[in-house]
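In this text, residue positions in the sequence shown follow the numbering used here: the first is 1, and each later residue adds one. Yeah, the Cβ is synthetic: ideal placement off N, Cα and C, and Gly gets one too. Because the structure is a prediction, the values reported are computed rather than measured. Structure first, then comments.
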Amino acid sequence: MRRTVTTALFLAWPVSVWAADVPISSRVDAVTVFPQGAEVSRVAKVNLEKGMHTVVLSDVPADALPGSIRVEGLATGKLEIGSVDSRRLMVPSTDVAVAASERRRIEDEIEILRDQRGTAEAQFQAAETQKLLINNLSQLPTRPAPAQGAERVEDWSQVLTTIATGSLEAQRNATDAQVKMRTLDRQIADLEKKLAALSPAEQQRTEVRVHVEALAPLDADLVVRYQVPGASWSALYDARLQTGDKTNAPSLSMIRRAEIRQNSGETWDNAALTLSTTRPNASASIPELNSITVDFEAPPVPRPMAGAPAPATAPMKRMAVPDVAMDGDQMVMAEAAPPEPVVVEAKQADALVSPFQAVFAVPGRSGVPNTGEAKRVQLLTETIEPQLSIKTVPREDTNAYLYATIVLPAGTPMLAGPVSLFRDGTFVGTHALPLVSPGEKHELGFGADDLIRVKHALIEEKRGETGLISTSRTDVRLFKISVKNLHERAMKVTVLDQMPVSNNADIKVEATGGTTPTATNVEDKRGVVAWDLKVDPDDEEVVDFGYRVVWPSAKTITYR
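Now the structure itself:
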């Protein structure tokens, strides 16, 4: 039976004196990634005898936040954790024993190759000596003639044959030896490079020392949890709209994805990934407000009159009055010394969703490299029934644009992120999605709708004067907007336009035209008006819209 490892606090525990160090290695088992930062869980197995021990882990990354390190686990007997210490130190980047074994193997191979090169070099020297002897043999015809009465005994045919075959064989042996030496030199150089790469490189890591007491011999599975800042995940989406027809309702598939990045100093291999929407680095409480007071400005201190004698210099006690500063020829009372500055809690992002907590478990086990490169995973797919509508601003653009209004179903919110928009399988653009909470409405634009034809025309434009005694000038404009629906079903169309807004009481703006706007000051923008129309198939709706501006004739107006 495995027992939960308990944590106890030993106030007087001279661990460094009598507790034996037990070095162990661990591996990344699970990671919870937050929008900023991550919590990593490492697992390690350890066998302990009865007594006090210090379990040492040296494979925790240097960027691990010391205050976040926690140790727990399960054991086959009673095991108590006294304290957990951590420090940064330099450790070899590779396994020392493995590196030493590999180094010895390469050194032995280099030694063998050097012996072979020595043999090849001796063969080359022998071939060169043979060539020298053959060259001496070729000098026989140049020797002095024998004494009177003596005769030469050389068989010149045999001598020439020996010179030819011997020279060829010596040159071949020398060439073979040179080729072999060159090949061996290259092999030795490659091995020496590998040997240099095995030199003991070091990297900074966090050493975690866990002081434990085992009440009996046992095996334990320890879990070390810590947070690292160099990780993040962000949301991105695919919005796939099927517009339907007069018999099939439209549908929208919202595919949620996540983009994970990390550069925490360790590689996450074969780990269980969990994505959380919580932000542990964000503020946990509201900022503090201090009092703001309002008072009359203190009267300025009168300066001495010109030509008045300066007062005699005499030691004076420093009075508790505000400092003064010169501003040109005026003395201005300086403000009282400000209070001690208070650290302002930085807001992490606009999409701080403290009321919500969503956790996405990535299926299976995954790996995220320690390079900052993005890893994308799919989280879930939701099917939403949208409300389709058309919006157009014919004053600026006579195109009509298709919009899908969605209501996020109950569940998890959609975090802010980019959305790739697809209409009937065709990519039409992107959209920046804000934070959307369950039950909240949001509109997505899916590009121009060519089956809605919009026209905008200026019907009347007149400028003139009115009145006999007090004349005024007028500017009258009248527009006609037509919307034709070529779809097989009725469409809701919103036409947006604008009329001038007066910034002066002497300038009067009056709406004219026969079609009353459905809404004015749309989205709290002064002068923006809208007409909500329902256009039947193959039908056309017309909006008559205009305005009349009146102002005193003695003045000139401008439109901005």
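Residue(s) in a DSSP beta bridge with residue i
i, result
"methionine 181", "None, per the DSSP bridge assignment."
"leucine 559", "The amino acid at residue 559 is misidentified as leucine; the sequence shows tyrosine. Beta-bridge pairing links tyrosine 559 to no other residue."
"asparagine 47", "Asp219"
"phenylalanine 360", "Leu275"
"proline 418", "Ala432"
"phenylalanine 427", "Phe422"
"proline 23", "Val56"
"leucine 444", "Ala404"
"lysine 206", "Contrary to the premise, residue 206 reads as threonine rather than lysine in this sequence. DSSP lists Val60, Arg88 as partners of threonine 206."
"aspartate 397", "Val393"
"valine 212", "His53, Ile81"
"alanine 554", "None, per the DSSP bridge assignment."
"glutamate 266", "Its beta-bridge partners do not exist; DSSP assigns none."
"glutamine 387", "Thr405"
"glutamate 39", "Thr32, Gln227"
Candidates the options: closest to residue i by CA position
i, options, result
"proline 369", "Asp397, Met52, Thr267", "Thr267"
"phenylalanine 360", "Ala197, Glu259, Thr162", "Glu259"
"glycine 528", "Glu541, Phe545, Asp538, Asp536", "Rather than glycine, the amino acid found at residue 528 in this sequence is valine. If we check each option's Cα against that of valine 528, Phe545 comes out closest."
"arginine 225", "Ala214, Thr162, Val84", "Val84"
"serine 232", "Gln242, Thr278, Gln130, Glu202", "Thr278"
"threonine 561", "Leu89, Gly118, Val46", "Given a span of 1 to 560 for the chain in the structure shown, any question on residue 561 remains unanswerable."
"isoleucine 134", "Arg104, Asp115, Leu168, Gln116", "Leu168"
"leucine 388", "Ala100, Ser58, Pro61, Gly244", "Gly244"
"alanine 44", "Val22, Pro35, Phe427", "Val22"
"proline 66", "Gln130, Pro229, Asp424", "Pro229"
"aspartate 506", "Asp532, Thr293, Trp551", "Trp551"
"methionine 494", "Asp221, Leu533, Gly464", "In the sequence on display, residue 494 carries threonine and not methionine. For the residues Asp221, Leu533, Gly464, the minimum Cα distance to threonine 494 belongs to Leu533."
"aspartate 238", "Gly464, Ser502, Thr471, His431", "His431"
"proline 363", "Ala448, Thr247, Ala30", "Ala30"
"valine 509", "Gln262, Val483, Asp475", "Asp475"
"arginine 376", "Val428, Val436, Ser234", "Ser234"
"threonine 556", "Phe479, Gly464, Leu458", "Gly464"
"aspartate 539", "Arg560, Gln498, Ser482, Pro500", "Ser482"
"lysine 50", "Ile112, Ala457, Ala216", "Ala216"
"phenylalanine 427", "Ala164, Gln158, Glu192, Ala448", "Ala448"
"glutamate 111", "Gln187, Pro418, Asp221, Asn136", "Gln187"
"proline 386", "Arg365, Ile459, Lys246, Leu408", "Leu408"
"arginine 104", "Leu191, Ala511, Asp295, Thr412", "Leu191"
Secondary structure of residue i, DSSP reduced to three states
i, result
"glutamate 541", "strand"
"phenylalanine 34", "coil"
"arginine 186", "helix"
"alanine 457", "strand"
"serine 251", "strand"
"lysine 246", "coil"
"isoleucine 235", "Note that residue 235 corresponds to alanine in the displayed sequence, not to isoleucine. Here alanine 235 sits in strand by DSSP."
"glutamate 382", "strand"
"alanine 126", "helix"
"arginine 303", "coil"
"serine 366", "strand"
"glutamate 169", "helix"
"isoleucine 584", "Nothing about residue 584 can be reported from this structure: the residues present for the chain run from 1 to 560 only."
"leucine 241", "strand"
"aspartate 450", "coil"
"isoleucine 134", "helix"
"alanine 174", "helix"
"glycine 546", "strand"
"glutamate 373", "coil"
"alanine 312", "Caution applies to alanine 312, whose pLDDT of 48 falls short of 50 and renders its modelled position unreliable; the value that the coordinates give is listed next. Alanine 312: coil per DSSP, three-state reduction."
"glutamate 192", "helix"
"isoleucine 260", "strand"
Whole-Å CB distance - residue i paired with residue j, under 8 angstroms assumed
i, j, result
"leucine 496", "valine 454", "Incorrect: roughly 11 angstroms between the Cβ atoms, too far for contact."
"asparagine 32", "serine 276", "Sequence check: residue 32 is threonine here, not asparagine. So it is a contact: roughly 6 angstroms between Cβ atoms."
"valine 28", "valine 40", "6 angstroms"
"valine 561", "glutamate 541", "What the structure shows of the chain is the stretch from 1 to 560, and residue 561 is not part of that stretch, so it cannot be assessed."
"leucine 444", "alanine 404", "5 angstroms"
"leucine 486", "phenylalanine 446", "Going by Cβ atoms, the distance from leucine 486 to phenylalanine 446 rounds to 17 angstroms, so no, they are not a contact pair."
"alanine 120", "lysine 180", "4 angstroms"
"methionine 491", "isoleucine 384", "Not quite, the Cβ-Cβ distance comes to about 20 angstroms (not below 8 angstroms), so this is no contact."
"proline 61", "arginine 205", "7 angstroms"
"glutamate 213", "glutamate 72", "Actually they are not in contact, since the Cβ atoms of glutamate 213 and glutamate 72 sit about 15 angstroms apart, beyond 8 angstroms."
"alanine 38", "glutamine 203", "So it is not a contact: roughly 20 angstroms between Cβ atoms."
"asparagine 270", "glycine 367", "6 angstroms"
"glutamate 460", "arginine 477", "7 angstroms"
Cβ-heavy atom distance, residue i to the ligand SAM, below 6 angstroms
i, result
"methionine 254", "Ligands are entirely absent from the displayed structure, and the ligand SAM is therefore not among its contents."
Unbroken stretches of the beta strand (DSSP E), 3 residues or longer, contained in the segment 465–533: 472–485, 491–498, 508–512
Minimum length 3: unbroken beta strand (DSSP E) runs contained in the segment 67–122: 70–75, 79–92
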